Amino acid sequence: MTNVGEAVPLSVSAAQPSARERIWYPYLLIAPSMLTLTVVSLIPFLYTVYLSVHAAKFGRVTDFVGADNYITLLTDARFWNSVGTAVIFVAIAVPIEFMLGLVGALILNQNVRGRSILIPLLFMPTMMAPIVVGLLWKIMLAGSWGLISYNVLERFHLIGQTSIFASSDLALYALIFVDIWQWTPFMMLAFFAGLQALPLGPYRAAAVDGANSVQVFFNITLPMLMPLLVVIGLLRFIDAFKVFDTVYILTGGGPGIATETPSILANKMTFEFWNIGEASALAVLVWIAFFAFCNVFYQIAKKRLNAF
Amino acid sequence: MKRGLYSAPAVVAVSLSLLAGSAASAEDSFYATAAAPYKGTTIRVLDEITPLQETLSKIVPEFEKETGIKVEWELLNHFEVINKGQADMLSGRGYYDAVMLHGFQVGPMLSAGAIKPIDDMVKDSKLNNPKLDTADFIPGPYKSLAFANGKQLGFINWNYNQVYWARADLLNNQEEQAAFKAKYGYDLAPAKTIEQMRDIAEFFTRKKGEKLAGKPLESDFYGIVLEGIKGGSTFGTLWRDFIKNYGGDIMDAEGHPTFDRPENIEALKMWAALWKFAPPGIAEYSLVDVPTVMGKGIAAQTLAWSDFVLGVDKPGVSPYAGQFVYAPIPVKAGVTTPRSAEAEPSITIITAGSKHPEATFLFLEWLVDKKQQEKLIELGQGGVPVRETSWAVPAIKSSSNPTLYAAMKSTLDVGTAKPRMPKFYEIYDQLSGIAQEVGLGKLSPEEGAKKGQAEMLKLCDKCLL
């Protein structure tokens with residue numbers, strides 16, 4: 014019988030994992046998710062790379078063509094037009110969404126009256142399915158009979174005899190407007206959640222030190238919120254560059270190729286032209302660009318902004 | 005004397021009806037006999053949803069009853085039937101035994117080897133109905149569609165065609181007629197030439213508040229509406245209703261691109277001129293929107309697919325039902341090349357991956373059989389014939405809308421399937437984009453022609469299969 018307080022020799026195998034087990038145990042734990050990721054993500058990606066270096070037309074994969082699909086794509090003005098369109102889209106939409114979202118979050122954070130009702134209402138555009146957003150704006154901005162185009166734009170002679178989505182000059186900006194309308198509330202609420210989670214200590218200290226609200230924002234709020242701002246900004250950037258659904262519904266990439274983004278072009282190459290080799294090359298190129306961009310962005314965010 | 009039951013005329017009538025009955029049952033029994041080995045088989049068929057197919061779906065169960073072959077008949081919209089059908093055909097899975105292809109899809113699908121030719125089954129006396137009477141199919145669409153490289157791909161299932169469609173109430177209005185004659189020097193009537201179509205478009209384009217047929221307009225009214233969306237059948241309309249009627253074409257007989265020829269530039273000029281008299285949203289209008297605009301009564305005329313007319317020009321659908329007039333596709337005055345009209349004959353083919361080609365073949369034969377075609381037209385109180393004899397079916401011959409059928413016939417007399425081009429989709433995408441840009445005034449007709457030629461040459465030097 015063992016007395017209380019007496020050391021009890023524990024079985025080594027039951028209490029402490031062996032050195033070999035210590036090595037494998039973490040891998041064992043993450044194995045199911047890694048396996049799932051490999052099946053749903055890595056294998057399709059590798060197959061896309063494989064397709065991109067083969068002649069693959071009409072669903073039939075034939076000869077190895079090396080870099081031919083990439084060369085064809087990189088020398089195609091239409092590819093560069095789609096990249097340019099996406100860059101304009103992102104360069105205008107994301108900063109505006111970011112700024113409006115941040116300002117809105119700061120306002121919401123001031124204990125505004127009716128906040129509990131306002132927040133679900135603000136979130137509505139983001140909650141809508143893209144097809145609903147597309148149809149909604151198609152109805153609002155349809156040429157000659159749309160709610161906004163007829164009652165506002167035409168009545169006050171703001172755009173003349175044209176339909177917004179049919180105008181090469183206006184269609185892209187209309188899409189950017191729709192994106193801002195849809196995603197600003199998301200940014201706002203994500204930033205608001207971040208603001209709500211900030212510790213109160215630094216603010217109390219700043220108040221004791223007599224800091225004004227601008228100083229508090231730039232020296233306390235912004236640095237503490239930076240990791241969230243960087244992550245949300247990056248996610249929105251990637252998402253906006255890949256924009257497909259609203260463009261597909263509202264303009265289909267037109268008029269001409271005025272609103273054709275890489276995603277729309279890839280869809281066209283795959284499901285209209287059945288040129289799967291080139292479409293795969295396009296997907297790989299976009300992935301490489303994102304990979305490089307995200308790495309650079311991560312390094313900058315880490316070293317300059319202390320975001321990670 | 006009381007005329008007895010056995011009088012000579014009665015005997016003849018009864019005998020004739022018995023003969024007709026036995027002939028009909030003999031024909032019916034062909035499918036029942038031929039299908040005996042396939043009884044219990046289930047075939048899947050994908051088709052497009054238009055008023056025509058909706059009517060046909062009421063007849064399909066009769067095939068199941070007659071043969072014991074079960075048909076899973078799936079109807080999808082224009083764009084879905086193309087995407088889903090092609091995706092299945094190209095995958096080689098053979099989920100669908102038969103898929104409806106528009107004429108323009110045949111070239112790419114042939115070059116992909118996704119179609120099963122039916123020659124073996126046509127030669128097989130157990131499967132080939134000797135009374136099918138393929139000589140009765142309207143020849144232009146059938147011959148250009150159902151055969152390729154010496155092989156038969158199917159029969160002909162739908163003869164989609166475009167017609168000229170205008171507001172008869174406006175064209176017959178005396179006040180408008182007088183004003184038109186004073187301005188243009190000739191009588192207002194459905195356009196026979198493209199120039200007349202332009203004049204009518206210009207004449208009827210009016211702003212809100214102006215008068216139309218004596219009444220002030222509550223909103224802007226447009227002289228013409230055309231399909232202008234990128235894709236759809238926009239370029240088909242420009243190509244075969246305008247360019248070809250100007251004596252031009254997009255390629256020569258060998259398939260070399262000729263998009264920058266002078267006739268094409270002239271046609272593009274007219275195309276751009278007409279867009280000025282169309283609603284502002286024209287560049288967004290698809291083949292579905294055009295009949296909707298006509299049905300709502302905000303445009304005077306159009307070139308549209310006649311099968312959509314059937315769904316719009318009927319009481320309860322459009323307030324202007326019965327007030328429309330139809331005519332052949334207008335041609336360019338003074339051009340001596342054969343007239344052209346946009347048609348899209350469509351075919352239901354057996355997929356290369358089909359697991360039940362014989363049962364499917366019997367279904368395809370049955371569908372285009374004279375009996376079913378007549379029933380289809382009678383049930384739909386009209387339709388778009390694929391057989392010459394169908395023009396004589398009472399629902400068409402005694403139709404309350406005779407100008408529509410005269411216009412359809414005119415188109416189908418010259419209509420053909422699109423030339424077989426392996427890179428049809430890429431070419432069409434480029435050229436429909438140019439059609440849009442020229443219409444919107446972003447490119448001049450000369451620039452459009454030059455750009456179109458360059459884009460075609462990038463895709464193919466010889467564009468035909």
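Protein chains in written order, with the numbering used here: chain Z, 14 to 321; chain X, 5 to 469. Glycine included, every Cβ here is placed at the ideal spot set by N, Cα and C. This structure is a prediction, so every number in the text was calculated from the model and none was measured.
Interface partners of residue i on chain Z, CB under 8 Å
i: residue 181(X); result: Under the 8 Å cutoff, chain Z gives no residues; its nearest Cβ is about 27 Å from residue 181(X).
i: residue 88(X); result: By Cβ distance, chain Z contributes nothing, its closest Cβ being about 10 Å from residue 88(X), past 8 Å.
i: residue 465(X); result: Near residue 465(X) there are no residues of chain Z at all, since even the closest Cβ is about 16 Å away, more than 8 Å.
i: residue 234(X); result: 265, 266, 267, 268 and 269
The alpha helix (DSSP H) enclosing residue i, as first and last residue numbers
i: residue 93(Z); result: 90 to 121
i: residue 200(X); result: 198 to 208
i: residue 309(X); result: First-last for residue 309(X): 305 to 309, but that is the beta strand (DSSP E), not the alpha helix (DSSP H).
i: residue 276(Z); result: 275 to 284
i: residue 305(Z); result: 289 to 316
i: residue 104(X); result: Here residue 104(X) belongs to no alpha helix (DSSP H); instead the beta strand (DSSP E) covers 102 to 106.
i: residue 409(X); result: 406 to 418
i: residue 350(X); result: That residue, residue 350(X), is in no alpha helix (DSSP H); its beta strand (DSSP E) goes 347 to 355.
i: residue 222(Z); result: 214 to 222
i: residue 135(Z); result: 128 to 135
i: residue 366(X); result: 361 to 372
i: residue 437(X); result: 428 to 444
i: residue 82(Z); result: 81 to 87
Run of the beta strand (DSSP E) containing residue i, from where it starts to where it stops
i: residue 237(X); result: Premise fails: residue 237(X) is in no beta strand (DSSP E) and is neither H nor E.
i: residue 70(Z); result: 67 to 70
i: residue 77(Z); result: 73 to 77
i: residue 168(X); result: 162 to 171
i: residue 74(X); result: 74 to 80
i: residue 249(Z); result: It is not in any beta strand (DSSP E) - residue 249(Z) instead sits in the alpha helix (DSSP H) that spans 235 to 254.
i: residue 328(X); result: 328 to 331
i: residue 46(X); result: 46 to 52
Residue i: contacting residues in chain X (beta-carbon distance under 9 Å)
i: residue 316(Z); result: Near residue 316(Z) there are no residues of chain X at all, since even the closest Cβ is about 45 Å away, more than 9 Å.
i: residue 104(Z); result: What residue 104(Z) touches in chain X: nothing, since even the nearest Cβ is about 23 Å away.
i: residue 155(Z); result: 285 and 288
Whole-angstrom C-beta distance between residue j and residue i, which should lie under 8 Å
i: residue 293(X); j: residue 166(X); result: That pair is no contact at about 15 Å.
i: residue 302(Z); j: residue 107(Z); result: Not a contact, Cβ separation roughly 16 Å.
i: residue 251(X); j: residue 390(X); result: Not really, about 29 Å apart at Cβ, beyond 8 Å.
i: residue 64(Z); j: residue 276(Z); result: Between residue 276(Z) and residue 64(Z) the Cβ distance is about 17 Å, and since that is not below 8 Å, they are no contact.
i: residue 204(Z); j: residue 118(Z); result: 4 Å
i: residue 263(X); j: residue 453(X); result: 6 Å
i: residue 146(Z); j: residue 195(Z); result: 6 Å
i: residue 267(Z); j: residue 234(X); result: 4 Å
i: residue 456(X); j: residue 435(X); result: 5 Å
Per-residue contacts from residue i into chain X (C-beta, under 7 Å)
i: residue 270(Z); result: 437
i: residue 214(Z); result: In chain order: nothing, as chain X lies at least about 56 Å away.
i: residue 176(Z); result: 284, 285, 287 and 288
Chain-ordered chain X contacts of residue i [CB-CB under 8 Å]
i: residue 181(Z); result: 441, 444 and 446
i: residue 281(Z); result: 433
Partner residues on chain Z for residue i, Cβ-Cβ distance less than 7 Å
i: residue 94(X); result: 71, 72 and 287
Checklist line | the region 327 to 342 of chain X: positions lying closer than 7 Å to chain Z by Cβ | finding: none
Margin query: Measuring CB atoms only, is the region 332 to 342 of chain X touching the region 186 to 199 of chain X, in the sense that at least three cross pairs come out at less than 8 Å?
Written below: yes
Next item on the list: Evaluate the contact criterion for the region 70 to 82 of chain X versus the region 202 to 222 of chain X: three or more CB pairs, one atom per stretch, below 8 Å.
Entry: no
Notebook entry, point to check: Which residues, in chain order, does the region 99 to 120 of chain X contribute to contact with chain Z at a C-beta distance below 9 Å?
Noted result: 112, 113, 115, 116, 117 and 118
Check: What residues from the region 264 to 297 of chain X come within 8 Å of chain Z, judged by C-beta to C-beta, listed N to C?
Finding: 283, 284, 285, 286, 287 and 288
Item checked: Contact set between the region 119 to 153 of chain X and chain Z, restricted to residues whose Cβ is under 7 Å from the partner -> none
Notebook entry, point to check: Using 8 Å as the threshold, is the region 269 to 277 of chain X in touch with the region 317 to 328 of chain X, meaning 3 or more CB pairs across them?
Noted result: no
Item checked: Contact list for the region 401 to 432 of chain X against chain Z, Cβ threshold 7 Å -> 429 and 430
Notebook entry, point to check: Looking at chain X, which residues of the region 283 to 316 of chain Z have a Cβ within less than 9 Å of any of its Cβ atoms?
Noted result: 284, 285, 286, 287 and 288
Item checked: Segment contact, 8 Å Cβ cut-off, at least three pairs: the region 84 to 101 of chain X with the region 343 to 359 of chain X -> yes
Next item on the list: Count the C-beta pairs between the region 257 to 275 of chain Z and the region 179 to 186 of chain Z that are closer than 8 Å, then say yes if the count reaches three, no if not.
Entry: yes
Checklist line | Cβ contact (3+ pairs, closer than 8 Å) linking the region 56 to 75 of chain X and the region 372 to 387 of chain X | finding: yes
Checklist line | At least three beta-carbon pairs within less than 8 Å, the region 223 to 230 of chain X to the region 288 to 307 of chain X | finding: yes
Notebook entry, point to check: Are the region 109 to 126 of chain X and the region 156 to 165 of chain X touching, with three or more C-beta to C-beta distances below 8 Å?
Noted result: yes
Next item on the list: Answer yes if the region 283 to 290 of chain X comes into contact with the region 142 to 156 of chain Z, meaning at least three C-beta pairs across the two stretches below 8 Å, and no otherwise.
Entry: yes
Note to self: Quick test of the definition: if touching needs 3 or more C-beta pairs under 8 Å, does the region 277 to 296 of chain Z touch the region 128 to 142 of chain Z?
What the structure shows: no
Checklist line | At least 3 beta-carbon pairs within less than 8 Å: the region 306 to 321 of chain X vs the region 44 to 58 of chain X | finding: yes
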